[in-house]
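What follows is a set of notes on a single structure, which appears directly below.
Residue numbers (the UniProt record's numbering), protein chains in the order written: chain H, 1 to 159; chain V, 1 to 775.
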C-alpha cells in the first residue's frame, strides 16, 4: 500500500503522520492518534456520528480520506470541554438529557458547534434542518434541539 | 427515609464522560497483539456450501488465518444453544457460529478472516473461493406456510415450527350473541434495530490463567457467558464477560450471536486477542429484526360498540433460526387483550421459518403488533358504527375499579395475567383533552383552506414490565465513604448509572456525587439476566433499594455501638449516622466502613459481618403493568402524500418515576421509533430473499427534521408489586405509536378511504388511497 506523509492540526496540536492513501479520516483520528471520541456509525455518510469540524465546517470523517486533511485544521469532540469543565453546549446537552447511549453525541455536538459559530440565534426549525444529517435512535431529537437552543442563548449571554 | 433524589430530574452521572469523547465502546478497546476479524457471509438466502478454498486469501499481506467451523473443532462444535427453550420446540433451531453445510439467510456467517488490520482482512474476503449450490428460498411467511412450499431448512418436514394458542372464555358463544362482528386482515412489517453503534466483540485469551475475556456490545453479557461456557465446555468462572459502554440496544443486542462465539473461538484458536466490529451493511443483514406478521381477525361488539371478543389467527415470520426460542410470538400473544376487558378471545400464531435473518424482539417486542391490531379493531368498530373512536375505547377498557384485573390471558410462562393498577380511561381522556380534540374540526377546516388534510389519531396500550426472575445488585460503602453499586444489568443508554445511584443515595443519606454504579462485568457482579422487557428499573432498582437498606441497617447497628446510643435514636444523613436531635454526636459512614474493613487484632462489633456492604435480589415474580395513551395530529399534502406529524401527546403511567428527565427521554425515543415503523422503516426483500434496502439511503430512519415535539403527561400509580413502586418505561412510547399515527392518517383521508391495515405507509401509498377515494 502506498503511504503518504501528512501534516495537519488536530485540536490545536500539530500532527505529522505517515498514512495509507485509503485510510479515512475517522479511522485516522481513532486509530492513528487515539482520539476515540469520534464514532463510526454507518461508514456511508448518512448517520453523522463521525462528524468533525474541518477548517471551520462540519465534515463526515468517514467520507474523507486522511490524506485529504493534509494541511487542514481538524477539530473533534475532544476539543470541546472536559468532564470537569463542560462547554456550554455540552452542559446544555447534559441539562436537557440530550444524550442517552452517547454514540451519536460527538457528531451531534460537532454539527451544532459548527452551526452556532455561524448562526448565533438559530430557530427550532433551522436546528432540526441542520440535524437532518445526524441520526439518533435514542432521544427522538427533541432534547437535542432544546439543548442547541439553550447553548445558543448561553453563548449570546456571555459574548 | 428522606427522599431527596428519587423522583428528581437530576442530570445524569454518566454524561460528562460521554459528552467529552471519553466513553469506552467495544471499538475503543485496543489490546496488544490484537487481530481484526471480518466475516465471509452468504450472498444467497438458501444454499449448500460445496467448497471453500482460502488459499489465495491466506497468501495476502497481513492475513493471519482464515477459519471455517471445522477449524474450531477442538474448542467447540455444533449449533448454538437457545436462549429461551420452549416446550413446543422439540429441539433448538439455531445456527452454528460459522455455517456448516447449509446457509439459510443472506448474511449468515460462513468463514472468518483474521488479519493485522481490518482493511487487510476485508481485502482478503474477496479472494476466498466459495462455491454455493442455490436451494429453493422461502422469502416470506405466507409463502412458507402454503402447501407445497419449499423448505427453509432442507430436511425439515414443515416450515411451521410451532403454533401458539391463547384463549379465554367461550368465544363462540360471545360471537354468536354479539350485536356486531367485523373482520379485518392486517400486515405488519418488520423493522431493524439500528442502534447507532453496530455490534462488536473483542475476545482475549489470557495465556497465564487460561481464562477468556470477552467485551461485547450486548444487552445480555451474562447470557453470553453462560452459553459460551456451555459451548466451550468450560466453567463460567473461567470466562469474564463485560459489556462496556454500549451505543444503544433496542432489543436485538439481547441475543447471543454466532459472531460472539466465532470471535471467542478464533481467539482461542489463534492465541491472540481478536476484535470484530460489525459494519452497517452487516447490521442490515445479520442483526436480528422483527415484526413481520399477518393477522386475520374478527372482533365482536355489542350494540353500543363495546368490544366483547376477538378471535383469529396470525402467521408469524420467524426468519431462519430461533435463537430466542418463541419469545417474540409468545410476547405478541401475551399482549392480548391489551387495555380491553374482553369476555372471550381465541388466538393462534403459526410460527414459520423463512430464509430471512432471524427475528427476535425489537423495542416493544410483539407488543406493538398486538397494540396495532387491537387499536385498528377499535377504530373498525367506531367506523362501522359511526361512533367516536375514543368512545369505543372508553366503553371497552378495563376500568380502574376492576384492578387488579385478571384478563384471562397467560404470560409467556403460562401464569395468569393480572393487571396491577391504573386508570386506562383517564390516560385516554388526558390525551384527548391535551391535544384539544374538541377544537380539532376547526383546525381541520383551516387546514382544508390550505389544501391540506388534517387527521387526529388515538391509541392506547398496556405493557407488562419488570420481567423476572431477578436482576441483582450489591451496595458497598468504601473506607473513603464512597458508595459503589454493582449490578449485572447492562446499560445501553438508559441511565442506570444515575437512577440506581439515586435510589442508593437516598437510602444511605449521601450526596449523589458519592455514588458510583458499576455494571455488566462478570468480575464485579456474579449474575445477570438481560436488559430487556422494560425490566431494569423494577428489578435492579428494587434490588438496589433492598441492598442499600441492608447497608443502612448495618451502619446504624455499628454506629450505635460506637456512639453508645440506641439504634432507634439514630438517623442517617449527609454521609453520617447521627443521634436524632444531637447532630454533633455522629459517626461518618467512612469510619464505619473502615471499622468493618478490619485491622489486624482489632475486633469489630460482635454479631456484625465485616464489610459495610450487602447484596439484594428482588424476587420479581409478578409483573408491573405500565399503560398509556397517545394522540397525534397529522397533516397530509394530498398531491405528494407527504405526511407531517404536527402534534404528539403522550399520557403514560410507569408508576413512581425515579428520574422524570430520563423517563421522558425513554418515552420520546420510543415514540419516534414507532413513528419510524409507521412511516419510514421498510426492510424490503425480493422473492429470492435478497435484502433490497441495506443502506440508510434506502432504509429511512426517522430524522430530526421530520419528528415532532412530543408532549408528555405522567400519571403516577405506584405499582404495588415492588418496593419502589416502579413500572418499566423503556417501551411504552413505542408500543401504541404506530397505531396512533395510522389512526390519524385514516382520519385525515376520511371515511371514504380504504381502511388502513398495514404499515409502514409511504407517501406513494397515501396518494394511491387518495386517488381511490376520489374515484
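Each residue gets a CB set at the ideal place from its N, CA and C atoms; glycine is no exception.
Query: Within 7 Å of chain B by C-beta, residues of the region 192–207 of chain V in sequence order; Result: Of the chains in the structure shown, none is chain B; the protein chains are H and V.
Query: Contacting residues, own chain, Cβ-Cβ under 7 Å from residue 210/V (five flanking each side not counted); Result: 238
Query: Residue 76/H, buried or exposed, once every other Cβ within 10 Å from all chains shown has been counted against 16; Result: buried
Query: Terminal residues of the beta strand (DSSP E) in which residue 284/V lies; Result: Element bounds for residue 284/V: not the beta strand (DSSP E) but the alpha helix (DSSP H), 280–286.
Query: Residue 113/V versus residue 630/V: straight-line alpha-carbon distance, rounded; Result: 49 Å
Query: Residue 95/H at chain V interface by Cβ criterion, 8 Å; Result: yes
Query: Min CB distance residue 245/V to chain H below 8 Å; Result: yes
Query: For residue 325/V and residue 69/H, the rounded distance between their alpha carbons; Result: 50 Å
Query: Identified DSSP bridge partners for residue 463/V; Result: 626/V
Query: Three-way DSSP call (helix, strand, coil) for residue 568/V in this model; Result: helix
Query: Chain V within 8 Å of residue 22/H, Cβ atoms only; Result: yes
Query: Cross-strand partners of residue 149/H (DSSP beta bridge); Result: DSSP output for residue 149/H lists no bridge partner at all.
Query: When 392/V, 579/V, 617/V, 367/V are compared against residue 377/V, the one with the closest alpha-carbon; Result: 392/V
Query: Unbroken beta strand (DSSP E) run spanning residue 347/V, endpoints; Result: 344–353
Query: Reduced DSSP category for residue 77/V - H, G, I as helix; E, B as strand; rest coil; Result: coil
Query: The region 455–466 of chain V in contact with the region 320–340 of chain V per 3-pair CB rule at 8 Å; Result: yes
Query: Proximity test, Cβ basis, 8 Å: residue 132/H and chain V; Result: yes
Query: Min CB distance residue 643/V to chain H below 8 Å; Result: no
Query: Contact under 8 Å by Cβ, residue 499/V with residue 541/V; Result: yes
Query: Cα-Cα separation between residue 623/V and residue 367/V, rounded to whole angstroms; Result: 15 Å
Query: Under the three-state DSSP convention, the category residue 289/V falls into; Result: strand
Query: CB-CB length for residue 241/V against residue 224/V, believed under 8 Å; Result: 5 Å
Query: Of the listed residues 13/V, 398/V, 274/V, nearest to residue 67/V (C-alpha basis); Result: 274/V
Query: Any C-beta of chain V under 8 Å from that of residue 80/H; Result: yes
Query: Unbroken alpha helix (DSSP H) run spanning residue 669/V, endpoints; Result: 660–675
Query: Pairwise C-alpha distance: residue 327/V and residue 17/V; Result: 36 Å
Query: CA-to-CA distance, residue 49/V to residue 133/V, given in whole angstroms; Result: 6 Å
Query: Buried or exposed (CB count within 10 angstroms, at least 16 for buried), residue 159/H; Result: Only weak support exists for where residue 159/H lies, its pLDDT of 47 falling under 50; the value from the coordinates is given anyway. Counting Cβ neighbours within 10 Å, residue 159/H comes out exposed, since fewer than 16 surround it.
Query: Per-residue contacts from residue 119/V into chain H (C-beta, under 9 Å); Result: 1, 20, 22, 23, 27
Query: Interface positions of the region 702–735 of chain V facing chain H (Cβ-Cβ less than 9 Å), listed along the chain; Result: 702, 703, 704, 705, 706, 707, 708, 709, 710, 733
Query: Residues in the region 83–94 of chain H having any Cβ partner in chain V nearer than 7 Å; Result: 83, 86, 90, 93, 94
Query: Interface positions of the region 249–267 of chain V facing chain H (Cβ-Cβ less than 7 Å), listed along the chain; Result: 250
Query: Inter-residue Cα distance where the pair is residue 208/V and residue 271/V; Result: 12 Å
Query: Proximity test, Cβ basis, 8 Å: residue 99/H and chain V; Result: yes
Query: Minimum C-alpha distance to residue 553/V - residue among 690/V, 537/V, 571/V; Result: 571/V
Query: Chain V contact for residue 70/H (CB, 8 Å cutoff); Result: no
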